[in-house]
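Undergrad: For the sequence shown, the numbering used here begins at 17 and goes up steadily by one.
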Amino acid sequence: MRDDPILNLNLTQRYAQLGSQFYAEQPPKPLAEPQQVVVSESALALLGLTVAEAQTPAFLALTAGQWLPSNARPLAMVYAGHQFGGYSPRLGDGRGLLLGEIEHPAGEVWELHLKGAGLTPFSRMGDGRAVLRSSIREFLASEYLFALAIPTSRAATVTASATRVWREQQETAATLLRLAPSHIRFGHFEYFYYTRQLDELQQLLDFTIQQHFAECLAVDNPVAAFFSEVVVSTARLIAEWQAYGFCHGVMNTDNMSILGLTFDYGPYAFLEQYRPEYICNASDHQGRYRFSQQPAIAEWNLTALAETLTGHIPLATLRQELARFMPLQQEFYLQRMRQRLGWQGEQAQDSARIEQLLGLLATTELDYSRFFRALSERPAAAYLTDLQAQLEQELGVDLASFNQWCDYYVQRTATVDEQQRQAQMQAVNPLYVLRNYLAQLAIEAAEQGDYQPTQRLHQLLTQPFVQQANADAYAAPAPAWGRALSISCSS
Numbered sequence: 017m018r019d020d021p022i023l024n025l026n027l028t029q030r031y032a033q034l035g036s037q038f039y040a041e042q043p044p045k046p047l048a049e050p051q052q053v054v055v056s057e058s059a060l061a062l063l064g065l066t067v068a069e070a071q072t073p074a075f076l077a078l079t080a081g082q083w084l085p086s087n088a089r090p091l092a093m094v095y096a097g098h099q100f101g102g103y104s105p106r107l108g109d110g111r112g113l114l115l116g117e118i119e120h121p122a123g124e125v126w127e128l129h130l131k132g133a134g135l136t137p138f139s140r141m142g143d144g145r146a147v148l149r150s151s152i153r154e155f156l157a158s159e160y161l162f163a164l165a166i167p168t169s170r171a172a173t174v175t176a177s178a179t180r181v182w183r184e185q186q187e188t189a190a191t192l193l194r195l196a197p198s199h200i201r202f203g204h205f206e207y208f209y210y211t212r213q214l215d216e217l218q219q220l221l222d223f224t225i226q227q228h229f230a231e232c233l234a235v236d237n238p239v240a241a242f243f244s245e246v247v248v249s250t251a252r253l254i255a256e257w258q259a260y261g262f263c264h265g266v267m268n269t270d271n272m273s274i275l276g277l278t279f280d281y282g283p284y285a286f287l288e289q290y291r292p293e294y295i296c297n298a299s300d301h302q303g304r305y306r307f308s309q310q311p312a313i314a315e316w317n318l319t320a321l322a323e324t325l326t327g328h329i330p331l332a333t334l335r336q337e338l339a340r341f342m343p344l345q346q347e348f349y350l351q352r353m354r355q356r357l358g359w360q361g362e363q364a365q366d367s368a369r370i371e372q373l374l375g376l377l378a379t380t381e382l383d384y385s386r387f388f389r390a391l392s393e394r395p396a397a398a399y400l401t402d403l404q405a406q407l408e409q410e411l412g413v414d415l416a417s418f419n420q421w422c423d424y425y426v427q428r429t430a431t432v433d434e435q436q437r438q439a440q441m442q443a444v445n446p447l448y449v450l451r452n453y454l455a456q457l458a459i460e461a462a463e464q465g466d467y468q469p470t471q472r473l474h475q476l477l478t479q480p481f482v483q484q485a486n487a488d489a490y491a492a493p494a495p496a497w498g499r500a501l502s503i504s505c506s507s
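1. Once the 5 residues before and after LEU376 are set aside, which same chain residues still bring their CB inside 7 angstroms of it?
2. Hey, how far is the Cα of PHE513 from the Cα of ASN268?
3. Which value, in whole angstroms, describes the spacing of the CA atoms of MET353 and ILE370?
4. Just verifying my parser: in three-state terms, what is the DSSP assignment at ASP9?
5. Comparing alpha-carbon positions, which option in PRO167, ALA172 and ALA96 lies nearest TYR207?
6. Where do the N-terminal and C-terminal ends of the beta strand (DSSP E) with GLY102 fall, by residue?
7. With MET93 as the anchor, note down where its beta strand (DSSP E) starts and where it stops.
8. When the Cα of GLU381 is compared with those of LEU113, GLU288 and THR250, which residue comes out closest?
9. In angstroms, rounded to a whole number, what distance separates the CA positions of GLU245 and ARG201?
10. Determine whether the beta carbon atoms of VAL181 and ARG153 lie at a separation below 7 angstroms.
11. Out of HIS98, ALA322, THR250 and TRP359, point me to the one whose CA is closest to GLN336's CA.
12. Return the first residue and the last residue of the alpha helix (DSSP H) that ALA196 is part of.
13. Are at least three pairs of beta-carbons, each pair with one atom in the region 380 to 396 and one in the region 426 to 436, less than 8 angstroms apart?
14. Which one of ASP366, ALA487 and SER58 has the shortest CA to CA distance from ARG472?
15. Is the distance from the Cβ of ILE225 to the Cβ of PRO238 below 7 angstroms?
16. Is it buried or exposed for GLU117, if we count other Cβ within 10 angstroms and need 16 for buried?
17. Taking the straight line between their C-alpha atoms, what separation do you get for ALA500 and THR333?
18. Among ALA32, THR250 and ALA234, which has the Cα closest to the Cα of ILE274?
19. Pull up the distance between the alpha-carbon of HIS204 and that of ARG106, whole angstroms please.
20. What's the gap between the Cα of TRP316 and the Cα of GLU49?
21. First and last residue of the beta strand (DSSP E) that includes GLN475?
22. Starting from the Cα of ASP109, find the closest Cα among GLY81, ALA40, SER177 and GLY102 and give me that residue.
23. Should LEU450 and TYR160 be called a contact, given that it needs their Cβ atoms to be closer than 7 angstroms?
24. At what residues does the alpha helix (DSSP H) containing TRP359 begin and finish?
25. Taking its Cβ as the centre, do 16 or more other Cβ atoms sit within 10 Å of SER392, making it buried, or is it exposed?
26. Once DSSP output is grouped into helix, strand and coil, what is the label at ARG538?
27. Under the DSSP definition of a beta bridge, which residues are partnered with LEU130?
28. Whole angstroms are fine: how far does the CA of ALA298 sit from the CA of GLN213?
29. If you draw a straight line from the C-alpha of LEU457 to the C-alpha of GLN468, how long is it?
30. So VAL53 is in the beta strand (DSSP E); what residue range does that whole segment cover?
31. Would ALA190 and SER151 qualify as a contact pair, given that the criterion is a beta-carbon distance under 7 angstroms?
32. What does DSSP give as the partner residue(s) for HIS12 in the beta ladder?
33. Please list the terminal residues of the continuous beta strand (DSSP E) segment that includes TRP182.
34. Cβ of PRO21 within 7 angstroms of Cβ of GLU69?
35. Using C-beta distances below 6 angstroms, list every residue in its chain close to LEU25, excluding the 5 sequence neighbours before and after it, in chain order.
36. Does the count of Cβ pairs from the region 162 to 175 and the region 75 to 83 closer than 8 angstroms reach three?
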């Protein structure tokens with residue numbers, strides 16, 4: 017039994033070296049009668065584990081908070097954050113615990129965070145639990161964004177239980193085992209800055225740079241180099257979100273990863289139609305985090321982080337770095353959109369033509385993801401001609417501007433081999449999209465004890481670009497009821 021690799025997990029906890037001002041040690045509260053819902057083979061591999069090893073009683077006990085390796089040192093991190101624009105001075109891990117970290121044989125270090133592990137000193141009015149609904153949603157999103165090559169935290173497994181908790185109604189308590197190289201957020205720096213614990217802020221900066229930005233140590237001002245890296249990685253992240261139509265929903269500074277990862281999935285959604293003012297979070301009554309606003313909010317959040325670094329970086333340098341964000345984000349966005357459209361090289365009018373297309377997609381209410389995929393599956397001229405006829409019949413108007421864009425597209429791609437164009441586009445335009453209604457159907461089955469729909473959806477989303485057997489229904493646009501789903505922050 018001692019040969020079980022789970023029982024012999026070698027967990028370390030570098031973050032604990034910072035001292036008790038940075039966290040509170042806290043054991044997890046066990047779940048009753050745990051059941052494994054779904055596992056990620058690729059995420060487990062980051063820990064040097066196989067699916068078979070993750071299906072053992074020891075691993076189930078670990079993810080249910082019933083057992084920990086002897087060298088585990090679970091802790092809840094303290095941090096603050098701007099939530100919907102207002103500063104919250106003390107947040108912290110209210111329902112999750114950093115169990116420790118594992119070094120992969122390749123040299124990568126991955127932290128294990130058990131979300132839904134019970135009450136911590138930072139739980140405030142909460143019960144410290146996560147529910148099955150939100151745990152499945154975060155698992156699926158983590159896996160799907162990873163498959164799309166969008167930077168993200170990873171999810172290894174979801175564990176359900178017989179433990180019940182109350183939200184708007186009684187729900188099943190669950191845990192999610194989340195992995196990331198670091199769980200440090202913008203809000204960590206805000207906490208120590210605004211409480212004027214400046215020695216601890218320096219300590220946090222030194223730790224973060226040494227552990228995750230070691231290349232910055234070689235320059236005159238490592239903190240300035242670190243901030244520059246955060247600006248670039250955040251710009252790249254937001255560009256990917258905008259290109260693929262991902263709406264995060266809760267872009268508070270405490271949900272912003274210092275590594276530029278998609279982090280803390282809540283009421284997220286992928287666009288069905290292109291609606292730039294789309295609000296995916298039913299709790300976002302002012303629309304602060306609507307889709308079109310995400311780049312500006314990311315810039316705002318970077319400005320909040322920059323404020324905490326004013327004692328380490330000249331103001332002129334901070335302003336210079338912040339001024340880079342929007343141009344960088346646009347550059348990364350254009351790169352991805354050119355790939356999605358099968359365009360070779362760069363042309364001066366690319367940005368304007370993409371904006372024109374987005375306006376047309378909004379007007380015609382075409383499915384955002386399906387448009388790009390369909391364009392990659394047929395000869396461009398034939399597909400666009402058929403689409404023009406379909407739209408004129410359905411909308412009853414002459415879409416002159418749409419026809420003009422179609423003519424431009426055919427001309428723009430005329431020099432590219434048609435099969436090459438289609439193959440390259442299919443490699444970046446998913447056939448299967450994580451639509452809210454698909455997640456909801458899987459969740460409803462899981463809440464009745466049937467985990468197969470979640471596992472099936474997960475299987476499709478890990479290979480979203482490749483057509484799979486008996487999966488046509490998953491590639492279809494959302495039905496009307498699916499487009500009207502409302503998701504809130506409750507989890």
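Yeah, the Cβ is synthetic: ideal placement off N, Cα and C, and Gly gets one too. Since the model is a prediction, treat every value here as computed from it, not as a measurement.
TA: Per the coordinate set shown:
1. SER417, PHE418 and TRP421
2. Residue 513 is absent from the model: the chain starts at 17 and stops at 507.
3. Cα-Cα distance, rounded: 8 angstroms.
4. Here the chain comprises residues numbered 17 to 507, so residue 9 is not present and cannot be evaluated.
5. Its Cα nearest to that of TYR207, the residue ALA96 stands out among PRO167, ALA172 and ALA96.
6. 102 to 104
7. 91 to 93
8. GLU288
9. 14 angstroms
10. no
11. ALA322
12. That residue, ALA196, is in no alpha helix (DSSP H); its beta strand (DSSP E) goes 186 to 196.
13. yes
14. The alpha carbon of ARG472 has as its nearest neighbour, out of ASP366, ALA487 and SER58, the alpha carbon of ALA487.
15. Yes. Within cutoff.
16. buried
17. The alpha-carbon atoms of ALA500 and THR333 are separated by roughly 45 angstroms.
18. THR250
19. Here the C-alpha atom of HIS204 lies approximately 10 angstroms from the C-alpha atom of ARG106.
20. 44 angstroms
21. First-last for GLN475: 468 to 477, but that is the alpha helix (DSSP H), not the beta strand (DSSP E).
22. ASP109 has its Cα closest to that of ALA40, out of GLY81, ALA40, SER177 and GLY102.
23. yes
24. Run containing TRP359: none; DSSP gives neither H nor E here.
25. Around the C-beta of SER392, 16 or more other C-beta atoms lie within 10 Å, and the residue is accordingly described as buried.
26. Coverage of the chain is limited to positions 17 through 507, which leaves residue 538 absent and any answer about it impossible.
27. In DSSP, LEU130 forms a bridge with LEU113 and LEU193.
28. 36 angstroms
29. 11 angstroms
30. 51 to 55
31. yes
32. The structure shown does not extend to residue 12, since the chain is modelled only from 17 to 507, so the question has no answer here.
33. 180 to 182
34. yes
35. PRO85
36. Contact holds: three or more Cβ-Cβ distances are below 8 angstroms.
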